[in-house]
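Just so you know, we're using my numbering here: the sequence shown kicks off at 16 and counts up by one.
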Amino acid sequence: MMHWVSRQLPENEEIRALARALSTRQPFPMPIANILVQRGIKTYEQARYFFAPDKADLHDPFLMKDMQQAVDRLLKAYQQQEKVLLYGDYDVDGTSAVSLLSLFMEAWGMRFDTYLPDRYREGYGVSYQGVDYAQKVGAGLIISLDCGIKAVDKVKYAALKGIDFIVCDHHRPGSELPEAVAVLDPKRPDCPYPFKELTGCGVGYKLAEALHQRLRALGHTPPAGDFDPFDTYCDLLTLSIACDIVPMLGENRLMAYFGLQKLRANPLPGLQAIMNQAEEQREWDISDLVFFVGPRVNSAGRLGHARDAVEVLTGKSNRLHLLADDLQSSNDTRKHIDREITQEALSMIASDRDFERKSTTVLYNPSWHKGVIGIVASRLIERHYRPTILLTQSEGKLVGSARSVAGFDLYEALSACSDYLLQFGGHKYAAGLSLKAETLQPFQAQFEQVVARNIRPEQKVPVLYIDHQLDFQHIDARFVRLLNRLEPFGPENRKPVFMASGVSVLHARVLKEAHIKFVLQQQGGQMLEAIGFNMAEKWEQIKEGPIDIAYQPIFNTWNQQTKINLRLKDFRTSNEK
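Right, dumping it as structure tokens:
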């Protein structure tokens, strides 16, 4: 059961003033003004910037620490036609970054090669094998993308081979920075760059933008003609922003705002090939990237090799649809494995008599697929809300993926159990770890103790934040259009959720044994269709009388007709709190 928490502010002069300032021929809806103020948008100027971002507000890339050194070194590579190795992580952010820099360097006629580590043989981050590959292909410079901030030993290893390094990362640095030519990371404590939440691809883009500025200032012109790097690659940037779940604020939101426009009008050929696999026409948004494009790109690194994703994202050939079909096939396989592991994990939970007394879920099966257990861990939290770790066997040790619940710091909990771990890394809500088989039981016990001691009671219950009470009588096409102008949605700019009380269910039916389709009415007013995904288990509550709903109003187009529907986030009987 979800705990509903209202964020609605009491109506005050600040909210009324903003609504008046944003009113045109019709009053601006007070609920949307309330939500804007909740999100720190309190003046007309702030609202204008929010609703109509300006590319001129992108920060100067040379504000980033070490950018000058990075551009100087790349300029040398350009002038001497030296080969550069683009080394990226195997997730969507890493493959997007490698793809963006590949397309950029190709446009400038630079010599480059790419390398993405094997998820299973090399794991995350810069590997010795990758450095060896750079030497083998004659690269004198490696640029690490979405990784490298903790690759102190690997950068030293490269230096011994006469290979320079530029690090482009966005993860939190360790106590020691790599001794690279340049370490580009806005999270460096000494980095003055104003926006700290860029993706790895975003940092890579900033390097490309800075080099482009320098080359043009020196009078150089790309062989195929001049181009604007942001206008050309903002759709790849948006893919990384959507799938790396970074805050949808500042530069991220600005980039995504224009990136979505490009995706809808003129995406890169590789992205278009993936988007063409959608069964229906759609107005591509952030959630489509997260749930449709992202999994297909990720499937290459999970089940095959991430270079397949880069081949699609950078492709221009007539074979693109075949390459995209391969990603689709990998994703279909991934979903099948995902379902199997999820069912096995749920069976293990059902057979554990002590499970309800525990504060954690820690499960191990040596046959589980290493590339899928992180997805399954997230899925288990939807059913059993607690910090969760799934482990499998790989190369003589146990490796796992951990996921947390809102507000609980998973990284800190793993740090308290580090005596039992070979390695671990990640952040507050997601982490990877490895350990010896013989330490599994003591680790499991220690992790349970640490979580039980530190997790607060309210963190054991999923929270659904309600942005505003909104009765059906206030929902019309203008309201939904204005609401959609809050896009792009993402962390720290979530799609608003509304609440309506005392709603009558005129009709309901279960779809595909999982979802519920409703026809709803409030106080004899307009009837609205609604869908509740994965809510079939709550079917009996419908029979108990009027319900309260948490919902999002959306436009639904079918057979060239558009109407307003509701997407339910949760519902409860009206006497339930």
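Note that CB positions come from ideal geometry on N, CA and C, so glycine has one too.
Classified as exposed, M542 has fewer than 16 neighbouring CB atoms from the shown chains inside 10 Å of its CB. In the three-state scheme derived from DSSP, where H, G and I count as helix and E and B as strand, Q144 is classed as helix.
Distance between F127 and G441, taken at the CA atoms: about 30 angstroms. Cβ neighbours of Y148 within its own chain (closer than 6 angstroms, five residues either side excluded): Y130. V218 and E191 do not touch by the CB rule: their CB atoms are close to 20 angstroms apart, not below 8 angstroms. DSSP places Y379 inside the beta strand (DSSP E), whose first and last residues are 376 to 379. Restricting attention to I164, V170, P42, L233, the CA atom closest to the CA of V86 is found in L233. Between the alpha carbons of Y400 and W19 lies a gap of roughly 15 angstroms. In this structure, DSSP gives V525 an extended state, which the three-state scheme calls strand. About 7 angstroms separates the beta carbons of P511 and Q567, which is inside the 8 angstroms limit, making them a contact pair. Its Cα nearest to that of S314, the residue K385 stands out among F66, L497, K385. Secondary-structure assignment with DSSP links L425 through no beta bridge to anything. Pairing S111 with L222 gives a Cβ-Cβ distance that is not under 8 angstroms. By the C-beta density criterion, Q41 is exposed, having fewer than 16 other C-beta atoms within 10 angstroms. In the structure shown, D246 adopts helical secondary structure according to DSSP, grouped into three states.
Taking every protein chain shown into account, the CB of Y93 has 16 or more other CB atoms within 10 angstroms, so this residue is buried. Per the Cβ contact rule, the segment 493 to 511 is not in contact with the segment 542 to 559 (fewer than 3 Cβ pairs under 8 angstroms). Using a 10 angstroms sphere on the CB of R88, the tally of other CB atoms reaches 16 or more, which defines it as buried. Taking the Cα positions, M16 is about 11 angstroms away from E591.
For P68, same chain residues with a beta-carbon under 8 angstroms away, outside a window of 5 residues either side, are R268, L269, Y272, F273 in chain order.
Per DSSP, N469 has no beta-bridge partner at all. In this structure, the beta-carbon distance from I158 to P188 does not fall below 8 angstroms. Runs of the beta strand (DSSP E) lying entirely within the segment 77 to 110, each at least 3 residues long, are 98 to 103 in chain order. For I164, no beta strand (DSSP E) run applies, since DSSP gives it neither H nor E. Leaving aside the five residues that flank A428 on each side, the residues in its chain whose CB is nearer than 6 angstroms to its CB run, in chain order, V465, V466. Excluding sequence positions up to five before and after I47, its CB lies within less than 7 angstroms of the CB of L497, L498, all in the same chain and listed in chain order.
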